[in-house]
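Read in order, the letters of the sequence shown are residues 2 to 290 in this note's numbering.
C-beta atoms are modelled at their ideal positions from N, C-alpha and C, and glycine is treated no differently.
These numbers were taken from a predicted model, which means no experiment stands behind them.
Worksheet: one structure, shown below.
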Amino acid sequence: MTNVASCAVSDNLDIPCDPRLPREAYLSINHCNLPAAILGGLTFQRHPAPLLLDGVAELHVRLFRRLAVLAEPEARAQQFMDYVTVYFRLEALEEVGLTPGRPKSKLRGRADYLRMVRGWAFDTDSREGAVLKGWVESRFGLLTRYHGGLLNDRANDTYLHFMEARSHGLYNTNALEAQLDLLYTYCQYELYRQQLPEQTHLTLYRGFNRFSDDQVLHQADRRRWVVLLNNLSSFSTQRERAEEFGDHLLRAQVPISKVFFYNRVLPGMLKGEDEYVVIGGIYDVERLA
Numbered sequence: 002m003t004n005v006a007s008c009a010v011s012d013n014l015d016i017p018c019d020p021r022l023p024r025e026a027y028l029s030i031n032h033c034n035l036p037a038a039i040l041g042g043l044t045f046q047r048h049p050a051p052l053l054l055d056g057v058a059e060l061h062v063r064l065f066r067r068l069a070v071l072a073e074p075e076a077r078a079q080q081f082m083d084y085v086t087v088y089f090r091l092e093a094l095e096e097v098g099l100t101p102g103r104p105k106s107k108l109r110g111r112a113d114y115l116r117m118v119r120g121w122a123f124d125t126d127s128r129e130g131a132v133l134k135g136w137v138e139s140r141f142g143l144l145t146r147y148h149g150g151l152l153n154d155r156a157n158d159t160y161l162h163f164m165e166a167r168s169h170g171l172y173n174t175n176a177l178e179a180q181l182d183l184l185y186t187y188c189q190y191e192l193y194r195q196q197l198p199e200q201t202h203l204t205l206y207r208g209f210n211r212f213s214d215d216q217v218l219h220q221a222d223r224r225r226w227v228v229l230l231n232n233l234s235s236f237s238t239q240r241e242r243a244e245e246f247g248d249h250l251l252r253a254q255v256p257i258s259k260v261f262f263y264n265r266v267l268p269g270m271l272k273g274e275d276e277y278v279v280i281g282g283i284y285d286v287e288r289l290a
C-alpha cells in the first residue's frame, strides 16, 4: 500500500489548546467503543485507537475465522462478499420479506452495501451519500455538516432534503446499516492485516475549493491548519488525483481506524482513484496548494 505513515501526528503544532469538538457536531450516544467527543477530537488523530462497533465482530466471528486462514487478499474479499450475500439473503430477498412483483421491489432489492459505496464514488451528495453519512451519525455519533449545502440549521430545506434522502435510501432495505457495519469491520481487518504492526496512519490527500468559517478551527501558519471535516469525506493516496477535485489541496495523516472503506479492498470497484472514504472530526492538516 502506498503513501503510508507509521508515526503519530506531531504534538508540536503551535495551538494554544487542543480545540474541542463543537457540541453541535456530535451526538451524546453512539454504537462504538469510544464516545464521539473523543474519537472526533484532535487528540485521537494524534494518538488513535481501534474503533469497534458494538457486537459486530462477535456476531460475525465465523466470517473472521474463515478469513484468518486465507493468505490472499483476493480470496478474502470473495469470502467476505459471499458471506454477506448469504447472511443478508441478498439474492433471496423474498425470504426476508420483499414481495416479488411489487412496483420498485427490484430496485429496492439492489439497495445493498455495494450500491451505497458505488453511489458515493459518483456523487457524495447523492441518496447513497446521505445513507452513508447517516450511518456515521448512528454508529460514531459524528453529525453530518454538509450534504448538498451546509446543514447548520435543522429547520432549513437543505437539512430536510438530507433527512428525506437518508430515509428514502434506507426504506425497505434488508438491514442495510448492518451491512455497512460489517463492511467497515472487514475493511479495518484488511487494513490492519496488510500494514506493519507499528503503523497507525495513512498519508492521504484531499482536493477542496474552500472551507467555511466554522470548519477552520486554528491556523498555525499559512500551511498548517486545524479543521473540522464533514463526518464522511473522500481522500486519495494520489496527490495528482486529489488535485482534480478542487482548487486547493490538503494532506492529512489519517488514523487507520478512521477509514470506513477504500476501493481496492473489493473487486469491481474503480481502482484508478485510490479513494479512501474517511470518518471525520478534527484534523491537523497541511495545505499544499
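DSSP on residue i, reduced to helix/strand/coil?
{"i": "Gln220", "result": "strand"}
{"i": "Ser258", "result": "helix"}
{"i": "Ala93", "result": "coil"}
{"i": "Leu133", "result": "helix"}
{"i": "Ala38", "result": "helix"}
{"i": "Ala69", "result": "helix"}
{"i": "Ala50", "result": "coil"}
{"i": "Leu271", "result": "coil"}
{"i": "Leu64", "result": "helix"}
{"i": "Arg21", "result": "coil"}
{"i": "Arg128", "result": "helix"}
{"i": "Arg140", "result": "helix"}
Strictly under 8 Å for the Cβ-Cβ distance: is residue i near chain D by that measure?
{"i": "Gln79", "result": "The question asks about chain D, but that chain is absent: this structure has only one protein chain."}
Take residue i and list the residues in its own chain whose beta-carbon comes closer than 6 Å to its own, dropping the five residues that flank it on each side.
{"i": "Leu53", "result": "Asn34"}
{"i": "Ala290", "result": "His249 and Leu250"}
{"i": "Phe209", "result": "Gly247 and His249"}
{"i": "Glu178", "result": "Trp136"}
In terms of residues, what are the limits of the alpha helix (DSSP H) holding residue i?
{"i": "Leu184", "result": "Leu177 to Gln195"}
{"i": "Leu161", "result": "Asp158 to Leu171"}
{"i": "Gly281", "result": "Here Gly281 belongs to no alpha helix (DSSP H); instead the beta strand (DSSP E) covers Glu276 to Arg288."}
{"i": "Arg242", "result": "Arg240 to Glu244"}
{"i": "Thr86", "result": "Pro74 to Tyr88"}
{"i": "Gly120", "result": "Tyr114 to Phe123"}
{"i": "Phe45", "result": "Leu43 to Arg47"}
{"i": "Ala58", "result": "Val57 to Leu60"}
How is the beta strand (DSSP E) around residue i delimited, first residue to last?
{"i": "Arg225", "result": "Arg225 to Ser237"}
{"i": "Leu203", "result": "His202 to Phe209"}
Using a Cβ-Cβ cut-off of 7 Å (strictly less than) and excluding sequence neighbours within five positions of residue i, which residues of its own chain qualify?
{"i": "Val137", "result": "Leu143, Asn232, Leu233 and Ile280"}
{"i": "Ala176", "result": "Phe89"}
{"i": "Leu271", "result": "Ala122 and Asn264"}
{"i": "Leu71", "result": "Arg77 and Gln80"}
{"i": "Ser213", "result": "Leu151"}
{"i": "Asp154", "result": "Tyr160"}
{"i": "Ala38", "result": "Leu22 and Tyr27"}
{"i": "Ala6", "result": "In this prediction, Ala6 scores a pLDDT of 49, lower than 50, which makes its location untrustworthy; the coordinate-derived value is nonetheless stated afterwards. For Ala6, where only same-chain residues beyond five positions count, the Cβ hits under 7 Å are His202, Leu203, Thr204 and Gln254."}
{"i": "Thr86", "result": "Glu92"}
If you check the beta carbons only, do residue i and residue j fall under 8 Å apart?
{"i": "Gly135", "j": "Arg167", "result": "yes"}
{"i": "Val278", "j": "Asp182", "result": "no"}
{"i": "Leu229", "j": "Gln216", "result": "yes"}
{"i": "Thr145", "j": "Phe163", "result": "yes"}
{"i": "Arg77", "j": "Glu244", "result": "no"}
{"i": "Phe236", "j": "Arg211", "result": "no"}
{"i": "Tyr114", "j": "Gln180", "result": "yes"}
{"i": "Phe262", "j": "Val118", "result": "yes"}
{"i": "Asp285", "j": "Val227", "result": "yes"}
Whose C-beta lies closer than 8 Å to the C-beta of residue i among residues of the same chain, with five residues either side of it excluded?
{"i": "Glu276", "result": "Ala122, Ser235, Phe236, Ser237, Tyr263 and Asn264"}
Hey, is the stretch 81-93 in contact with the stretch 117-130, meaning 3+ C-beta pairs nearer than 8 Å?
no
If you pair each beta-carbon of the stretch 254-272 with each one of the stretch 199-218, do three or more pairs fall below 8 Å?
yes
Tell me whether the stretch 55-70 and the stretch 185-193 touch, counting them as touching only if at least three CB pairs, one residue from each stretch, are closer than 8 Å.
yes
With three or more beta-carbon pairs closer than 8 Å as the criterion, would you say the stretch 40-47 touches the stretch 19-27?
yes
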